[in-house]
Ligand code: SF4
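Protein chains in written order, with my numbering: chain A, 210 to 378; chain B, 17 to 284.
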């Protein structure tokens, strides 16, 4: 019979881990970021590539959902037109708290090259943004890095209910 | 509110004119040079008044009265075998002539010829729809209305096609500013938050290259993060870029080459 020393105080010794509620909740939140599919233009292609097998977002726990009710991360990938601004706001409002937004690409950040009458000059005019991702279009690695930064940000937050939801105004 | 500057004469005042510039003209030739077109023109002239006709780049251009547009196109389709309407739109000549030029680009597959019908209407006038003859005219005419404000009579669904239904102004007119008039610039704010939010959200930043180095409300420099709104004019601390936090993440192990097993036999 094999005999071995079990160190009960180290993790793995027992199926018990000692931690704080904040840490557990944030660990759960940051590793199951379900993203709303929000490809609006060419950046959407890069976002899809990040989700597909070569870059494989699933290993971050980021799984694309087609419904705002099941999503807590909105990756705004592409050009937001003024006609669509109303709907992005409506979908953002339908997402459950807590929720985060990554603005992906120059168009979503500032309107990008579309300095015209029909493009919203940055999604932050309509919804609060957590992370701006530069590039036209950002490569999938950049988006992965953005998600990892967002995970770090989430792990630093307090998981308490008293955390106020983000508001533009 | 910003001061009003009139924008209805921009077409008359080009910001730069070269004294020696002569706009190149596409050469026009007489219709009699092409037997097929000459016969077509005769047929049109027999029934309608033709204001002008010529050949340009091997295509015949026929200028007619705007009131005849439906019957001329009907004749072209049913009698002269121009069975396709490939394009239809308007050109803004409001500043020069006070008129829109409307053109219909026709194609005959059997004759292998293209023909363009043109007519002019005033700003407040309307034109007959040709949607009954060519289904392709449906969206083209809606777009013409959306972009130029040309009103179409007898169209089955006269609505904007590209811009939102509650949009004001017609963006492809020469007098429409590229970055939008006041309505366009505040459109999304007015619609979502209401006019009173203009003060809070502020005007659009139309300079995409603008970066305020010391703005910590909107930007956090990667590797130099500070709390939101902090004053960094005296320099900011370094926060090293890491892929995982110090000490790793709870319940997630870092990859360790020492502890891992390399599978060399894939069939095992
Ligand atoms: S930032 Fe570039 S790639 Fe992305 S949507 Fe805009 S134009 Fe397309």
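Here a beta-carbon is modelled for each residue, glycine too, at the ideal position from N, C-alpha and C.
So residue i is in the beta strand (DSSP E); what residue range does that whole segment cover?
i             : result
residue 135/B : 129-138
residue 274/B : It is not in any beta strand (DSSP E) - residue 274/B carries neither H nor E in the DSSP assignment.
residue 341/A : 340-342
residue 256/A : Run containing residue 256/A: none in the beta strand (DSSP E); it sits in the alpha helix (DSSP H), 251-260.
residue 167/B : 167-169
residue 72/B  : 66-72
residue 153/B : That residue, residue 153/B, is in no beta strand (DSSP E); its alpha helix (DSSP H) goes 153-164.
residue 144/B : 142-144
Please check the pair residue i and residue j, which I expect to be a contact at CB under 8 Å, by giving their CB distance rounded to whole angstroms.
i             : j             : result
residue 34/B  : residue 64/B  : So it is not a contact: roughly 41 Å between Cβ atoms.
residue 352/A : residue 313/A : 6 Å
residue 261/B : residue 364/A : 7 Å
residue 203/B : residue 291/A : 5 Å
residue 101/B : residue 173/B : So it is not a contact: roughly 18 Å between Cβ atoms.
residue 79/B  : residue 115/B : Contact flag wrong, Cβ pair sits at about 12 Å.
residue 106/B : residue 166/B : 5 Å
residue 163/B : residue 187/B : 6 Å
residue 170/B : residue 152/B : Contact flag wrong, Cβ pair sits at about 16 Å.
Can you give me the C-alpha to C-alpha distance between residue i and residue j, rounded to a whole angstrom?
i             : j             : result
residue 256/A : residue 226/B : 26 Å
residue 86/B  : residue 288/A : 39 Å
residue 241/A : residue 195/B : 41 Å
residue 296/A : residue 328/A : 14 Å
residue 154/B : residue 91/B  : 19 Å
residue 281/B : residue 338/A : 48 Å
residue 331/A : residue 112/B : 37 Å
residue 375/A : residue 341/A : 16 Å
residue 310/A : residue 271/B : 29 Å
residue 256/B : residue 249/B : 20 Å
residue 298/A : residue 208/B : 8 Å
residue 272/A : residue 317/A : 21 Å
residue 142/B : residue 125/B : 31 Å
residue 210/B : residue 217/B : 11 Å
residue 222/B : residue 315/A : 13 Å
residue 281/A : residue 118/B : 50 Å
residue 234/B : residue 36/B  : 50 Å
residue 335/A : residue 68/B  : 52 Å
residue 357/A : residue 244/A : 14 Å
For residue i, would you say it is in contact with chain A, using Cβ-to-Cβ distances shorter than 9 Å as the test?
i             : result
residue 187/B : yes
residue 277/B : no
residue 192/B : yes
residue 197/B : yes
residue 253/B : no
residue 207/B : yes
residue 204/B : yes
residue 235/B : yes
residue 242/B : no
residue 246/B : no
residue 222/B : yes
residue 216/B : yes
residue 261/B : yes
For the ligand SF4, is there a heavy atom less than 8 Å away from the beta-carbon of residue i?
i             : result
residue 286/A : yes
residue 252/A : yes
residue 312/A : no
residue 382/A : Chain A is shown from 210 up to 378; residue 382/A falls before or after that span and cannot be answered.
residue 187/A : Beyond the ends of chain A as shown, which are 210 and 378, falls residue 187/A; an answer cannot be given.
residue 346/A : yes
residue 322/A : yes
residue 255/A : yes
residue 381/A : Outside the modelled stretch of chain A, which goes from 210 to 378, sits residue 381/A, for which no answer is possible.
How is the alpha helix (DSSP H) around residue i delimited, first residue to last?
i             : result
residue 236/A : 230-239
residue 109/B : Here residue 109/B belongs to no alpha helix (DSSP H); instead the beta strand (DSSP E) covers 100-109.
residue 117/B : Taken as a continuous stretch (DSSP letters only), residue 117/B belongs to no alpha helix (DSSP H), being part of the beta strand (DSSP E) at 115-124.
residue 360/A : 349-365
residue 89/B  : 85-94
residue 297/A : 291-303
Using a C-beta cutoff of 9 Å, does residue i count as contacting chain B?
i             : result
residue 377/A : yes
residue 236/A : yes
residue 341/A : yes
residue 268/A : no
residue 247/A : no
residue 330/A : yes
residue 325/A : yes
If the cut is a Cβ gap below 9 Å, which residues of chain E does residue i touch?
i             : result
residue 295/A : Of the protein chains in the structure, A and B, none is chain E.
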